[in-house]
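Asker: Per the numbering used here, residue 290 is the first one in the sequence shown, and the count goes up by one each step. Just so you know, even glycine gets a beta-carbon here, dropped at the ideal spot from N, CA and C. Predicted, not measured: the structure shown is a model, and the values here were computed from it. Can you keep this structure in mind? I'll have questions shortly.
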Amino acid sequence: MAVTPEQRMREAGERVVEVIARQEWLNPWGYKLEHAMAVGWNLLGGRRDRVRNVLHGTWLGHPLHPMLTDVPLGAWTMAFAFDCLDVRSREHAHFAPAAQMALGVGIVGGAGAALTGLTDWQYTHDDARRTGLVHGMLNLTALGLSVWSWSRRRTQRDGPSRLASGLGYALALGSAFLGGNLVFRERIGVDRTEHPLEPREFVPVLFESELVDERPQHVRAGDADVILVRSGGRLYAYGEHCPHLGAPLSDGWLSDGGIVCPWHGARFELSTGSTVKGPATSRLTRFETCVRDGRIEVRLLAPEHEAVPRTTARQR
Ligand code: FES
């Protein structure tokens with residue numbers, strides 16, 4: 290059967306991603322960068338977690354990086370279009386300043402995207418880490434070319450300045466393909482916690498006497514993986530997996546009124562499941578609890594109760 294152009298294009302894209310993901314010589318550079326970042330974070334002292342929460346998008350309940358990447362891509366598209374118009378119709382003096390302004394907006398947005406992307410990249414592994422490193426390098430090169438072009442345009446309106454920003458734009462588009470791969474294939478930034486539809490009715494999951502106070506315990510509620518926690522005499526139940534990269538929260542621990550993820554230290558408020566410390570951005574799936582005949586029962590929290598988090602789980 291004849292191979293269609295779409296198939297050829299798709300296979301070429303997959304091959305590029307595979308080749309990049311296999312570049313193990315990038316690993317030592319990744320570790321060095323990660324260590325340098327750790328030093329930088331520590332220099333922030335007590336503000337470290339707050340700054341990281343802002344950059345991850347924990348305050349927003351959504352990763353910040355993908356939102357910011359739209360700014361340089363959109364602005365640089367405009368800059369490219371204005372440059373084309375400027376070349377075609379020299380008599381219109383307003384296209385060149387418009388291109389420069391769009392380039393500047395893209396540079397500001399690109400700097401924000403670089404910072405947030407780097408913060409998220411720190412917690413990736415293996416293929417995602419190597420792909421993320423190349424994605425970041427391409428974007429930084431695009432940003433550097435745009436900065437050079439912007440500063441040159443302050444004094445000259447010539448071919449090299451347009452060529453540099455055009456090249457930067459092309460690199461940013463290529464890099465966006467890798468960014469899409471990181472989200473849609475590697476699931477970086479995707480909410481990994483489970484969102485089951487069941488159980489809608491209470492199901493018994495554990496004898497009350499088997500639950501150790503202040504320690505998350507994994508149970509099955511129908512097909513759903515759930516953690517149970519009893520703290521201060523109250524029962525709480527949440528989805529087992531961390532929204533960040535899916536760590537088992539039953540291996541985590543309680544601290545400062547929250548459940549701490551064992552992999553990267555995200556913290557979720559015990560009473561509501563809201564994320565109070567990144568890198569996670571989404572909240573935990575919540576379940577209601579009750580105790581009947583000495584057995585703990587759980588069911589999915591009805592959606593109408595999700596909008597206003599309840600601070601206590603249902604008790605006997
Ligand atoms: S898996 Fe990364 S914070 Fe939980």
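Leaving out five residues on either side along the sequence, give the residues of the same chain with a beta carbon under 6 Å from the beta carbon of residue 258.
Answerer: Residue 258 falls outside the range modelled here, since the chain spans only 290 to 605, and no answer is possible.
Asker: Pairing CB atoms from the stretch 582-590 with CB atoms from the stretch 484-499, are three or more of them under 8 Å?
Answerer: Yes, they touch.
Asker: Which runs of the alpha helix (DSSP H), 4 residues or longer, sit entirely within the stretch 560-596?
Answerer: Here the runs fully enclosed are 592-595.
Asker: Going by DSSP, name the residue or residues bridged to residue 525.
Answerer: What you label residue 525 is simply residue 236 of the sequence shown in a count that begins at 1. Residue 525 pairs with 518.
Asker: Straight-line CA distance for residue 399 to residue 429?
Answerer: Taking the sequence shown and counting its residues from 1, the one referred to as residue 399 is at position 110. Taking the sequence shown and counting its residues from 1, the one referred to as residue 429 is at position 140. Computed Cα separation, rounded: 8 Å.
Asker: Give me the residue from 385, 538, 518 and 322 with the minimum Cα distance to residue 419.
Answerer: For the purposes of this step, residue 419 is taken as the residue at position 130 of the sequence shown. Answer by Cα proximity: 322.
Asker: Give the residues whose C-beta lies closer than 7 Å to at least one heavy atom of the ligand FES, in chain order.
Answerer: Residues flagged by the Cβ proximity filter: 412, 531, 533, 534, 535, 536, 550, 552, 553, 554, 555, 568 and 569.
Asker: Look up residue 501 in the DSSP assignment and say whether it is helix, strand or coil.
Answerer: Locating residue 501 in the sequence shown gives position 212, counting from the first residue. Three-state result, residue 501: coil.
Asker: By Cβ distance below 6 Å, which residues in the same chain neighbour residue 412 in space, the five residues on each side in sequence not counted?
Answerer: Taking the first residue of the sequence shown as 1, we reach residue 412 at position 123. Excluding positions up to five away in sequence, the list reads 553 and 568.
Asker: Count the other CB atoms, across all protein chains shown, that sit within 10 Å of the CB of residue 389; report buried if there are 16 or more and exposed otherwise.
Answerer: Numbered from its first residue, the sequence shown carries residue 389 at position 100. Under this definition residue 389 is a buried residue.
Asker: Sorted by chain position, which residues of the same chain lie with C-beta nearer than 8 Å to residue 436's C-beta, five sequence neighbours on each side aside?
Answerer: Locating residue 436 in the sequence shown gives position 147, where the first residue counts as 1. Within the same chain, residue 436 has close Cβ partners 396.
Asker: The beta strand (DSSP E) spanning residue 542 covers which residue range?
Answerer: Along the sequence shown, one-based indexing puts residue 542 at 253. 542-544 is the span of the beta strand (DSSP E), which, as asked, contains residue 542.
Asker: Find the nearest neighbour of residue 441 within the set 402, 298, 385 and 512, judged by alpha-carbon distance.
Answerer: By 1-based counting over the sequence shown, the position of residue 441 is 152. Nearest C-alpha to residue 441: 385.
Asker: Along the chain, which unbroken stretches of the beta strand (DSSP E) at least 3 residues long are found entirely within the stretch 433-497?
Answerer: List check, beta strand (DSSP E) in window: 492-496.
Asker: Quick one: give me the first and last residue of the beta strand (DSSP E) that residue 558 is part of.
Answerer: In the sequence shown, counting from the first residue as 1, residue 558 sits at position 269. Note, residue 558: beta strand (DSSP E), 556-558.
Asker: With contact counted as at least three CB pairs below 8 Å, one residue from each stretch, are the stretch 468-483 and the stretch 438-456 in contact?
Answerer: As far as the Cβ criterion goes, the stretch 468-483 does not touch the stretch 438-456, which means the pair count is below three.
Asker: What span of residues does the alpha helix (DSSP H) with residue 292 cover, start to end?
Answerer: Position 3 of the sequence shown, counted from the start, is the residue given in the question as residue 292. It is not in any alpha helix (DSSP H) - residue 292 carries neither H nor E in the DSSP assignment.
Asker: Excluding sequence positions up to five away, which residues of its chain have a Cβ less than 8 Å from the Cβ of residue 605?
Answerer: Sequence index remark: in the sequence shown, residue 605 carries index 316 (1-based). With a pLDDT of 35 at residue 605, under the threshold of 50, the modelled position of this residue cannot be trusted; read the value that follows with caution. Result list for residue 605: 579, 580 and 581, in chain order.
Asker: What does the alpha-carbon distance come out to for the pair residue 341 and residue 329?
Answerer: As a working note, residue 341 is residue 52 in the sequence shown. As a working note, residue 329 is residue 40 in the sequence shown. Their backbone Cα atoms lie some 11 Å apart in a straight line.
Asker: Does the beta carbon of residue 501 fall short of 6 Å from some heavy atom of the ligand GDP?
Answerer: Of the ligands this structure carries, namely the ligand FES, none is the ligand GDP.
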